[in-house]
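The sequence shown begins at 1 in the UniProt record's numbering and counts up one residue at a time.
Backbone N, C-alpha and C fix where the C-beta goes; we use that ideal spot for every residue, glycine too.
None of the values given here were measured: they were computed from a predicted structure.
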Amino acid sequence: MRPGHRPRHRRLAGDPPRLRDRDPGTGGLSMSEVMSRPIPAPPVTVESKPFWDAASEGRFLIKRCTACAKAHWYPRTICPFCASDATVWEESPGEGEVYSFSIMRRSPTGPYALAYVTLNEGPRVLTNIVDVTPEDLRIGMRVKVRFQETEGEGPPAPVFAPA
Ligand SMILES: [Zn+2]
């Protein structure tokens, strides 16, 4: 990542404390299966509603600041780089590459991958990688967003799969 461009990642509710390199426990589960994960319905706030409305239409939105021209994630009203409130929604193709990942093996629904994906536009997204086996997942792998149905009545959530 470029110097001076490091976004501060505040923890989101439900995230693990930090990404570990490898979870040593396998739970006896096969590691050759393609990973997936049930996702709970996301909380929709006034600030995030445009994002989820677009997600329901299969469109991936990020936010860009018109004062400093930088894009950021997750979407915020106030630019995390220059504190301007001149932020606008921008549709993204949702393409990028895996920056880091952690295979979470102690899951009742099977292993899943938590990862940071660096979007082509620059921001880094904490997300799940799906449709890849634990053996095939690699740092630097090109991935693309897709939307996965969530539990309950919530909107679909963005996940990433090999491009
Ligand atoms: Zn800015």
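message: Output needed for threonine 77: all residues of its chain with C-beta closer than 7 Å, excluding positions within five of it in sequence on either side, in chain order.
response: On the sequence shown, position 77 is the one that residue 77 refers to. Answer for threonine 77: Glu47, Asp85 and Thr87, listed in chain order.
field: Cβ-based burial, serine 32 [other Cβ within 10 Å; buried from 16]
entry: Residue 32 sits at position 32 when you count from the first residue of the sequence shown. Exposed, since its Cβ has fewer than 16 Cβ neighbours within 10 Å.
query: Exposed or buried, what is glycine 96 when buried is set at 16 or more other beta-carbons lying within 10 Å of its beta-carbon?
result: For this step, residue 96 is matched to residue 96 along the sequence shown. That one is buried.
query: If you draw a straight line from the C-alpha of glycine 100 to the C-alpha of proline 155, how long is it?
result: As a position in the sequence shown, residue 100 is number 100, starting the count at 1. As a position in the sequence shown, residue 155 is number 155, starting the count at 1. Reading off the sequence, residue 100 comes out as serine, not glycine. Roughly 26 Å between the two C-alpha positions.
query: serine 100 bridges to which residues according to DSSP?
result: Sequence index remark: in the sequence shown, residue 100 carries index 100 (1-based). Serine 100 pairs with Tyr116.
message: Quick check on alanine 161: does DSSP put it in helix, strand or coil?
response: Numbered from 1 along the sequence shown, position 161 holds the residue referred to as residue 161. Note: alanine 161 maps to strand in three-state DSSP.
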